[in-house]
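Its first residue numbered 1, the sequence shown is counted upward by one per residue in my numbering.
For every residue, glycine included, the Cβ atom is placed at its ideal position computed from N, Cα and C.
Input: a single structure, listed below in structure tokens.
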Amino acid sequence: MFSRTRLCLSISLACLSLPTFGATVDEPLELETMTVSATRGHSQLGKTPQKIVVISREQIEEQLAITSDHGQVLSNLIPSYSPSRQKLSNAGETFRGRTALVMIDGVPQSTPLRAGGRDGYTIDLSMVERIEVIYGASAEHGLGATGGIINYVTRRPQGGTLKQHVGARMEAADDFDHDSMGYKLDYRVEGNQGNWDYLAAISGQTRGVFYDADGELIGVDDTQGDVMDSRSSDLLLKLGYWLDADQNLELMVNRFELEGDHDYVNVPGDRDAGIPATSRKGHPLGKAPQNEVLSTSLTYSHTDLAGNLLTAQLYSQRFRARYGGGILAAFQDPAIAPVGTLFDQSQNESDKYGGKLSLSRDDLLDGYLKLTGGLDFLQDTTSQMLIATDREWVPETVFKNLAPFLQAEVRATDRLTLHGGVRHEFAKLEVDSFQTIASAGGVTVEGGNPDFEETLYNAGLVFQANDWAQVFANYSEGFGMPDVGRVLRGISQPGQSVDDFLDLQPIVTDNREIGLRLNWQDLDFEISYFESDSDLGSRLQNVGGVYQVRRERTEIDGVEATAGWQVNDAHRLQATYSHLNGESDTDGDGKVDTDLDGANIAPDRYGLSWQANWSDKLNTRVQANHYTSRSFDTPGLDFDGYSLVDASIGYRLPVGEATLGVENLFNRDYMTYYAQAASTRDDQFFAGRGRTFTLGYQVSF
């Protein structure tokens, strides 16, 4: 037998012994040796020219003790991530004002060809060991990361004898009405046998209805989908085999499903009168909104292939996102039923297959040079169906992508490290001739096979001024596509050809960033300023209640800062700040002139948290976020701003641990950011959740 501890560290999958929930905050996380698997060169945390954050399992647990909302967990931990919509749809939740590429163990979950805003719920967070966050445009994993990368790294077997874990949570609104009650159970078993290691985990969750601070039912989004009045399940299986001390083969399968219970219907509010949308008991037409995701990967790693680190991965993803239906103007067709009577509902369907190959060597030129090269390929087949009438709303679109890349790290001096790389994208769209549905004019569009080539560059430096101060600077380019499906389904002029349609051109985003990191005694601090520009960006505009794609120059800039103070062994204070500006060129003169609205950019935010470990058994956490008011050029959109405070307490029992969390501790009455800043519809004028309690218990044995 051989040491798996050494192997886990060597292949950079971070098999770290993280402190359990409630442990003292000064227990070492060994961040100085943690490598980030989402970077193709397996960069070390804190030594990169761009901002990278690794959200540990402990931090995830701290947030889950307060809320089960995936979007709010990310927003609480990522300053420039938009406030959660508190819905199944995360459309409008942006990262640095642009789209984030969401991955599970490197497998892309986002569906950029028909960006339906459903990649926020593709895995249960109880299955996640850590979240790797790369800020800013990046082409490291190809399509979609114009705002950054959010990589969910699933739990790994810890080794040793058979281990098991059971967790339970209960959630309730302030008045503890039975219809607001939600429950969750999760179970995990893991271990190893000889050269095999294994992990199996399962979770099930039901969510009740949500209430606002006034005790009123919050409006259900029965079109885009909702997490209130829903149930979800997740099954994660991992199986690994060690061929020898340097070679590992690992299979990962994750199946996640979330479906609404379909027991409530939306009652529109009155935006002008300040009356929020609410819900009433009822049975909406059609099938309930649903996410169904199956992600698989097979990864081979060799840590010493003639002195090189080899990583090869094959993956697939099957994604089905069903939306609620209605007798909507977009669905009407007089050839099927009289106008104003036809019910329908849509479903996005995406199937991905791909592979990633990378080879890295760290001891070139007497240790001064590290090179990483490789090749990625992806095929993404996407369509959108109207399932009640079996119509094709978005034609089947096939995106094929092949991209070789080379990345270099040069240790120029003991204090200065230079980074640089190049990636060349060969991309092709394949769309057969199709006819738009009646509401778009029923025009025939000639199919085509437009292809694109883009060479993307990145360059950066890290300068270690002294033992506690570091300066970093970075230039990187990201590669994305507009919402191709939304563009194609909206073609209303006859005689159009897919090959000649300008709005299908890719989005290339330039990201420039400079920052400072300090780590002096009990204080740590990081601040960065960034600019993000795209000559042919993609902006969503609300036209008559339907979002359309606008291909315009967009420019975004901002400042992010995080400061921490380890007051003593038991207490830690942390503050965060984020400021964003964004404009687009709406008149086509090459100069930006109009502010981006809340569907495209997050509000400025101040955050503060206090983590206290009073003993080896008792710990508490208090966190506050203030979102500042903002006005927009778009009529009807105006954000008043609001402040929210959350708190939790954890206690280690003789067997297991118990937690009690309170979201919106002071029961603040507010309308969500999206409701104020991104939508003018009365049925989307949603209040935020009032005070909500979460009671949890977990035990490992």
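Inclusion of Thr146 and Asp105 in the CB contact set at 8 Å is not warranted, their separation being larger than that value. Restricting attention to Lys370, Val267, Glu392, Tyr152, the CA atom closest to the CA of Gln347 is found in Glu392. Ile387 and Gln566 have their alpha carbons spaced roughly 55 Å apart.
For the pair Gly480 and Thr554, the Cα-to-Cα distance works out to about 14 Å. Distance from Asn449 to Ala427 at the Cβ level is roughly 11 Å; contact not present, criterion being Cβ atoms closer than 8 Å. Taking a contact to require three or more Cβ pairs closer than 8 Å, the stretch 397 to 416 and the stretch 119 to 134 do not qualify as touching.
DSSP, reduced to helix, strand and coil, places Pro404 within a strand of the structure shown. In the DSSP assignment, His70 falls outside any beta strand (DSSP E) and lies within the alpha helix (DSSP H) extending over 70 to 77. Judged by DSSP in its simplified three-state form, Val339 adopts coil rather than helix or strand. In this structure, Asn90 lies near Gly120, with their beta-carbon atoms less than 8 Å apart. Thr509 is bridged by DSSP to Gly478. Gly219 sits close to Ser279, with the two beta carbons spaced by under 8 Å. The alpha-carbon of Ser297 is positioned some 27 Å away from that of Ala408. Assigned with DSSP and collapsed to three states, Glu93 falls in coil, not helix or strand.
For Phe331, the secondary structure class from DSSP, reduced to helix, strand or coil, is helix. Under a 10 Å Cβ-count criterion, Trp196 is classified as exposed, with fewer than 16 other Cβ atoms of the shown protein chains found around its own Cβ. Between Thr94 and Ser82 the beta-carbon gap is near 5 Å, inside 8 Å, which marks them as a contact. Within the same chain, and ignoring the five residues on either side of Gln464 in sequence, the residues whose Cβ sits closer than 6 Å to its Cβ are Arg415, Gln470.
Assigned with DSSP and collapsed to three states, Glu140 falls in coil, not helix or strand. A direct Cα-to-Cα measurement between Asp510 and Thr223 gives close to 35 Å. Going by DSSP, Tyr673 is part of no beta strand (DSSP E) but of the alpha helix (DSSP H) stretching over 673 to 677. In the DSSP assignment, the residues bridged to His165 are Arg188, Ser700. Sequence-distant partners of Gly144 (beyond 5 residues in either direction) whose C-beta falls short of 6 Å from its own C-beta, in its chain, are Leu101, Ser110, Pro112, Gly480. Between the alpha carbons of Ser358 and Asp376 lies a distance of about 9 Å.
In this structure, the beta-carbon distance from Asp483 to Ala115 falls below 8 Å. Boundaries of the beta strand (DSSP E) around Leu386: 369 to 386. Pairing Asp646 with Leu665 gives a Cβ-Cβ distance under 8 Å. Nearest C-alpha to Gly564 among Glu171, Leu653, Pro635, Thr576: Thr576.
Within the same chain, and ignoring the five residues on either side of Glu396 in sequence, the residues whose Cβ sits closer than 6 Å to its Cβ are Ser383.
With three or more CB-CB distances shorter than 8 Å, the stretch 567 to 574 counts as touching the stretch 612 to 622. Counting C-beta pairs closer than 8 Å gives three or more between the stretch 691 to 701 and the stretch 649 to 669, which meets the contact rule.
Secondary structure at Leu365: coil, using DSSP grouped into helix, strand and coil. Your pair Lys51 and Val227 does not check out as a contact, with CB atoms roughly 29 Å apart and the cut at 8 Å.
Per DSSP, Ile60 is one residue of the alpha helix (DSSP H) stretching across 57 to 64. About 5 Å separates the beta carbons of Gly204 and Ser233, which is inside the 8 Å limit, making them a contact pair. Assignment of alpha helix (DSSP H) within the stretch 413 to 495, counting only whole runs of 4 or more residues, yields 484 to 489 in chain order.
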